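Written out below as structure tokens is the structure these notes cover.
Residue numbers (our numbering), protein chains in the order written: chain A, 1 to 398; chain B, 399 to 813.
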């Protein structure tokens, strides 16, 4: 009875994502959902160059994800089943599509940064020679696994963010049964990715790293929880959260995983706590400045300006702080259309006229500089320059 | 006559690894054999497999006794003897009493692991840690910890790390409950509304994720890389078990193996591996780790088999959730699979996952008319005997005896 249940899943499956469900998005509903699972990044040609240069430094492109996961029986089955969702508005469909088709635009930044910082830090003096053999392109195998794990966790939450509340569904979303099914698939695939992250973490055989990264998962949950509570359908724009709280929440949802991932990478190479803390700080400030940059896009006169922005994005929160709560409520009131709709363009003009946008730019640069400062502990190298270039790319404004 | 049927079934379980390998082998390229999606290939694979097992299956009532010596339950009568002997020996104290001291502040300690700043998320995460659960897993864990400690160096004291495993096991279990309820769309559990029913699916999923991450942090703090690996395996098994539950096999024999594998992954793995974890913290002897694991695995499977029986025999009030819940979810558990041997009409219902109007009621009737409930209970008894056989290899101690006694509790519980 010993291995009664010890059958291992056969791993290789091919072409799972090319089953015809992930046709590039053509229908109009794609942009309708209020949460964008893949918020806009500074997608300038310059940004792509920064990234492709960085990928060369770490050895191979980071759009690897975990092939082991992607090719598993479980996700193959999910891919087949997700076909049933075509025609509904379940967010899982878009997450899956985006994952396949936009992988160039939504590059796996966390994994890349973990690899770059690993390389920039190099081997520590404390590390013995046996560890050295394990290095490829200046990065330990364990650090590459860690990079993969951070991506697994990130992706798991992209999927879990796209769960819908069954009682809040409208008839246009799709048949109830299909939406329930979509939830089921989303929970399972997210859980599957998380479970793989857990076993991957365990294999690193470093309890401190397990603790750090697990706590980052907790942070992520709390961050997403806050994020959800500001969804426009909740009329949350009336809540005055203040920029300090905003920063804390954004750190949880957008920074903790990368910060702790960077720190864990240092721990894996046996770097001391000081280096670990610098790596953490880089990850934290870089994420914040990245997020500020993407929040700013709709308010800049570039090609990404548009009228689609969240009411909890940095410029709005800062604007609210400047004008005061009452004036802000007045502005919201004036932008009210009939029904529960809001004229976002009008609101956008009001915000652009205020100081919120410049303040957000300043804040973005502030965190960018903080990130750069923390890189100074590493010796100059191509990897360090790449980390710097990432910061330059997100702190440059027209 | 019934007994022969058993010997086949149990032998089938014994050969589980082999038959599983067979299933995997044939299914290798087909995507896991989900019913419906790839029916053709699964059916073909089923036939191959069936032809291997069917002859045995057909003759099991007539000549199974010939095969019996090969059965891994050759010892069954022996075990039964020793079981009844231990049973009659002395009146044990209530096994739950022996461990209760160690579990006094269990839920407070769990709540201490949940560092949450938002009130609502905190409420959701703490919702099931209200002290009203059976806390079976923590109980098994603390008893196993002490039993192993006594076995190792005759010292009953429990290490704080072992106590943490009890906390972690309950947290992992609860996290999976929260997600299962969303997946199954359940409205009630333990006599109260489910997390998804109160707060909605979006938040419920996050709460489950949070509990899991907190368990993982607590696990890391135990500071033992092997223990981390052992319990991480559980998390993976839980998900894989849930995936298994989505699919069903067309072939009867495969279906049973599939059911047992699912049962192991969804229920027994957590118990087996947390028992193993405390044994690792108790002593370095791999033999002891194996005993702990085997005990946990067997009692875990028995526990779930009885759970599946209760779905047919208990009323909703006792269960704290609606009865026949499994059927309503389209799941064919032990009692149905056994009933299907007597009433092949059930096959069609199983294959369509009781989805047509009246299916659930008809299946329920078939099960009640059949020996399904008895047979499943009997199977659970065999798993319990196996658990007893394993744990009896440890040095005698009140905790070891309580673990033996607990198998009885598992079998006779009514909720």
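Ideal Cβ positions, reconstructed from N, Cα and C, are used throughout, including at glycine. In this text the structure is predicted, and so the values were computed from the model without any measurement.
Could you give the DSSP three-state label for residue i: helix, strand or coil?
| i | result |
| --- | --- |
| residue 90 of chain A | coil |
| residue 241 of chain A | coil |
| residue 389 of chain A | helix |
| residue 336 of chain A | strand |
| residue 342 of chain A | strand |
| residue 796 of chain B | helix |
| residue 445 of chain B | Only weak support exists for where residue 445 of chain B lies, its pLDDT of 33 falling under 50; the value from the coordinates is given anyway. Correct three-state label for residue 445 of chain B: helix. |
| residue 396 of chain A | coil |
| residue 367 of chain A | helix |
| residue 199 of chain A | helix |
| residue 163 of chain A | coil |
| residue 813 of chain B | coil |
| residue 608 of chain B | helix |
| residue 787 of chain B | helix |
| residue 183 of chain A | helix |
| residue 383 of chain A | helix |
| residue 226 of chain A | helix |
| residue 503 of chain B | coil |
| residue 429 of chain B | The pLDDT assigned to residue 429 of chain B is 33, lower than 50, so where the model puts this residue is not dependable; a value taken from the coordinates is nonetheless given after this. Residue 429 of chain B: coil per DSSP, three-state reduction. |
| residue 557 of chain B | coil |
| residue 804 of chain B | helix |
| residue 378 of chain A | coil |
| residue 526 of chain B | coil |
| residue 514 of chain B | coil |
| residue 681 of chain B | coil |
| residue 583 of chain B | coil |
| residue 750 of chain B | coil |
So residue i is in the alpha helix (DSSP H); what residue range does that whole segment cover?
| i | result |
| --- | --- |
| residue 592 of chain B | No alpha helix (DSSP H) contains residue 592 of chain B, which DSSP labels as neither H nor E. |
| residue 537 of chain B | 534-551 |
| residue 78 of chain A | 73-82 |
| residue 494 of chain B | 493-498 |
| residue 279 of chain A | 273-296 |
| residue 263 of chain A | 256-268 |
| residue 206 of chain A | Residue 206 of chain A -> no alpha helix (DSSP H), and no H or E assigned at all. |
| residue 635 of chain B | 623-644 |
Opposite residue i in the DSSP bridges: which residues?
| i | result |
| --- | --- |
| residue 323 of chain A | Per DSSP, none; premise fails for residue 323 of chain A. |
| residue 139 of chain A | A/136 |
Pick from the options: whose alpha carbon is nearest that of residue i?
| i | options | result |
| --- | --- | --- |
| residue 392 of chain B | A/197, A/187, A/320 | Residue 392 of chain B lies beyond the stretch modelled for chain B, which goes from 399 to 813, so this question has no answer here. |
| residue 668 of chain B | B/571, B/617, B/750, B/613 | B/571 |
| residue 600 of chain B | A/179, A/54, A/209, A/205 | A/179 |
| residue 709 of chain B | B/734, B/694, B/693 | B/734 |
| residue 673 of chain B | B/656, B/661, B/697, B/712 | B/697 |
| residue 251 of chain A | A/275, A/218, A/264 | A/218 |
| residue 532 of chain B | B/688, B/494, B/611 | B/494 |
| residue 583 of chain B | A/165, A/344, A/171, A/225 | A/165 |
| residue 175 of chain A | A/87, A/322, A/285 | A/87 |
| residue 607 of chain B | B/795, B/519, B/618 | B/519 |
| residue 657 of chain B | B/624, B/706, B/629, B/694 | B/706 |
| residue 726 of chain B | B/757, B/742, B/743, B/738 | B/757 |
| residue 360 of chain A | A/246, A/204, A/207 | A/246 |
| residue 198 of chain A | B/623, B/596, B/630, B/574 | B/630 |
| residue 372 of chain A | A/334, A/279, A/336 | A/279 |
| residue 660 of chain B | B/521, B/687, B/699, B/651 | B/699 |
Residue j and residue i - do their beta-carbons sit closer together than 8 Å?
| i | j | result |
| --- | --- | --- |
| residue 616 of chain B | residue 678 of chain B | no |
| residue 153 of chain A | residue 257 of chain A | yes |
| residue 352 of chain A | residue 126 of chain A | no |
| residue 113 of chain A | residue 223 of chain A | no |
| residue 93 of chain A | residue 54 of chain A | no |
| residue 676 of chain B | residue 546 of chain B | yes |
| residue 163 of chain A | residue 603 of chain B | yes |
| residue 74 of chain A | residue 181 of chain A | no |
| residue 643 of chain B | residue 729 of chain B | yes |
| residue 666 of chain B | residue 695 of chain B | yes |
| residue 145 of chain A | residue 200 of chain A | yes |
Beta carbon of residue i: closer than 7 Å to some heavy atom of the ligand NAP?
| i | result |
| --- | --- |
| residue 641 of chain B | Absent from the structure shown: the ligand NAP. Ligands present: none. |
So which residues on chain C does residue i lean against when the C-beta distance must stay under 7 Å?
| i | result |
| --- | --- |
| residue 515 of chain B | Of the chains in the structure shown, none is chain C; the protein chains are A and B. |
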